[in-house]
Amino acid sequence: MASVVASSTFKRSNDGISLTKTQYKPGKHSVVKYAWAYHDRSPDRFLVVFFDVQFKITYIADNVKTRRDGNGKGSGEVDLSALNYNAGKYTLRLVSVDDTDSVYAESKPFTVKKKDF
13 MASVVASSTF KRSNDGISLT KTQYKPGKHS VVKYAWAYHD RSPDRFLVVF
63 FDVQFKITYI ADNVKTRRDG NGKGSGEVDL SALNYNAGKY TLRLVSVDDT
113 DSVYAESKPF TVKKKDF
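For the sequence shown, counting from 1, position 68 maps to 80 in the working numbering; every step adds exactly one.
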């Protein structure tokens with residue numbers, strides 16, 4: 013199955029974290045690959061969350077150290093286990109560790125099907 017690329021919309025870019033790439037790869041072991049950019053005003057850590065577009069529910073997928081790659085950018089991937097087998101339309105968000113409503117960056121929506129778990 014072809015991957016679905018979700019490009020970023022940038023929010024709060026002065027905080028220094030932006031999504032530079034988001035790619036949903038459905039299949040037997042479905043994952044969302046993502047990349048981010050940061051600078052000196054960036055927070056030390058951020059959460060990677062799935063946001064359910066219909067029900068407005070946030071599922072925390074990972075807690076990431078911003079500067080782990082040390083070159084102004086980083087990348088990672090998360091599997092769908094945080095979704096607890098809930099299919100639907102989601103976005104991937106990079107949010108504050110203190111407040112999941114404080115969104116740094118968000119992808120365009122992508123659809124997760126039951127067969128993707």
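The beta-carbon is built from N, C-alpha and C at its ideal position, and this holds for glycine as well.
Given residue i, which residues of its chain have a CB within under 8 Å of its CB, disregarding the five upstream and five downstream residues?
i: D64; result: T70, Y71, N98, G100, K101, Y102
i: M13; result: Annotation note: pLDDT 39 at M13 (below 50); position unreliable, no value reported.
In three-state DSSP terms, what is residue i?
i: K127; result: helix
i: N75; result: strand
i: V43; result: strand
i: S119; result: strand
i: F62; result: strand
i: S114; result: coil
How is the beta strand (DSSP E) around residue i delimited, first residue to last?
i: L95; result: No beta strand (DSSP E) holds L95; DSSP gives it neither H nor E.
i: S108; result: Note, S108: premise wrong, no beta strand (DSSP E); not H, not E.
i: K68; result: Per DSSP, K68 belongs to no beta strand (DSSP E) and is neither H nor E.
i: G86; result: 85-91
Between the Cα of residue i and the Cα atoms of the options, which residue gives the shortest distance?
i: V44; options: K68, V90, G86; result: V90
i: L95; options: D110, D128, K40; result: D128
i: L104; options: Q66, A117, S42, D113; result: A117
i: T34; options: K125, G84, P121; result: P121
i: L92; options: S42, L31, S30, G84; result: S42
i: D52; options: V109, D110, K85, K125; result: K85
i: F62; options: S119, K126, N83; result: S119
Whole angstroms is fine: what's the gap from residue i's alpha carbon to residue j's?
i: Y46; j: T112; result: 18 Å
i: T123; j: G88; result: 20 Å
i: T78; j: P55; result: 7 Å
i: S25; j: Q66; result: Caution applies to S25, whose pLDDT of 49 falls short of 50 and renders its modelled position unreliable; the model cannot decide the point.
i: T21; j: L31; result: Note that T21 has pLDDT 48, beneath the 50 cutoff, so the model's placement of it is unreliable and the number below is only indicative. One C-alpha to the other measures close to 8 Å.
Among the residues of its own chain, which have a CB less than 7 Å from the CB of residue i, if the five just before and after it don't count?
i: S114; result: V107, S108
i: V76; result: R57, F58, V60, G88
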